[in-house]
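Undergrad: The structure follows.
Numbering (our numbering), first residue to last: 823 to 1163.
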């Protein structure tokens, strides 16, 4: 089995972390893989990597993102810290001696990409959103190739890697959550950061829908205790299993969520986060609406009648997920475009 050494970085949110994790898990099945992952201090990838991919080596990047608006004086200090981190990261990468790097966005990849470029080590970027982030935009000039989830000339559209169950998932798995598999089942997620606004919106929705199963990922579990048909969790490791057999859901507009909705063909209401950089969540959601899979709602001015009508129109799929039939083509598209293989 061919040995491959890869530098990986991407995180801050699940939207950046999931594609990176999917990538290294796929490679691990094909190669004798050694991974050095640069993580954001205190964020999702640092918390989850050791459990999700135990064999990866981890280095923490001590950096924060640029403040908006970009002309804020405190950004000077952040830029100076990034330069200092680049120098430190460069020494670590040189010692690791990788074949290439794979970066999936978030401010953490800035000094990592800069270090790789200075060492003349090829690296590849993956952009999940319909609008390229600032860090990826800067690094795209130095990257060997740039992969995108959406059409974005002159880059290579590969799609966005998603989480897929590694075995068949029966709809009857809903019984494990004390839910009736014969009833309509909707998944509610507000991204890895959670959202009190989504929680407030859903509280009003739940009052009118006691005949529907809801699985709600939230940090405010106690808010929904009165609703017996609503099962709340702060986090589910196997959330993609629920996505594979549920009938639809209510989500934010992050790129990885959009990709998973497409992959699992879910009918969804999208409530984009209004503070997302360059309003990218709204633009992501519009792409999904154009495909007929979603309705888009304004979190600051929810039309509850429209939302209720949309929920009522979602049909029960009542199907199992057959894992060996449906594969994630985006990973294959990325790997076949990496020259080092």
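All C-beta atoms, glycine included, are put in the ideal place defined by N, C-alpha and C.
Given a cut-off of 7 Å on the beta-carbon distance, is the pair residue 1100 and residue 900 in contact?
TA: no
Undergrad: Can you have a look at residue 1109 and say buried or exposed, based on whether 16 or more other CB atoms are within 10 angstroms of its CB?
TA: buried
Undergrad: Report buried or exposed for residue 1141, applying the criterion of at least 16 other Cβ atoms within 10 angstroms of its Cβ.
TA: Per the 10 Å Cβ criterion, exposed.
Undergrad: For a test of the three-state rule: what should DSSP assign to residue 1128, helix, strand or coil?
TA: helix
Undergrad: Please return the same chain residues whose Cβ sits closer than 8 Å to the Cβ of residue 764, not counting the five positions on each side in sequence.
TA: As displayed, the chain neither begins before 823 nor continues past 1163, which places residue 764 out of reach and without an answer.
Undergrad: What whole-angstrom Cβ distance do residue 845 and residue 924 have, given they're in contact under 8 Å?
TA: 6 Å
Undergrad: Mind checking which residues open and close the beta strand (DSSP E) that includes residue 821?
TA: Past the boundaries of the shown model lies residue 821; the chain is included only from 823 to 1163, so the question cannot be answered.
Undergrad: Quick one: Cα of residue 1137 to Cα of residue 1072, how far?
TA: 14 Å
Undergrad: Please determine if the region 867-878 and the region 1017-1028 are in contact, where contact requires at least 3 C-beta pairs separated by less than 8 Å.
TA: no
Undergrad: Under the three-state reduction of DSSP, which class applies to residue 972: helix, strand or coil?
TA: coil
Undergrad: Per DSSP, what kind of secondary structure is residue 1138 in: helix, strand or coil?
TA: coil
Undergrad: Taking only runs that begin and end inside the region 877-921, name each unbroken beta strand (DSSP E) of 3 or more residues, in chain order.
TA: 879-883
Undergrad: Suppose you measure from the CA of residue 1036 to the CA of residue 1091; what does that come to, to the nearest Å?
TA: Near 14 Å, if we compare the C-alpha coordinates of residue 1091 and residue 1036.
Undergrad: In chain order, what residues of the same chain have a beta carbon less than 6 Å from the beta carbon of residue 1068, not counting five sequence neighbours either side?
TA: 1007 and 1009
Undergrad: With the cut-off set at 7 Å, would you say residue 1167 and residue 920 are in Cβ contact?
TA: Nothing about residue 1167 can be reported from this structure: the residues present for the chain run from 823 to 1163 only.
Undergrad: If contacts are defined as beta-carbon pairs under 8 Å, then residue 1094 and residue 1075 qualify, I think. What distance do you get, rounded to the angstrom?
TA: Their Cβ separation, rounded to whole angstroms, is 4 Å, which keeps residue 1094 and residue 1075 in contact under 8 Å.
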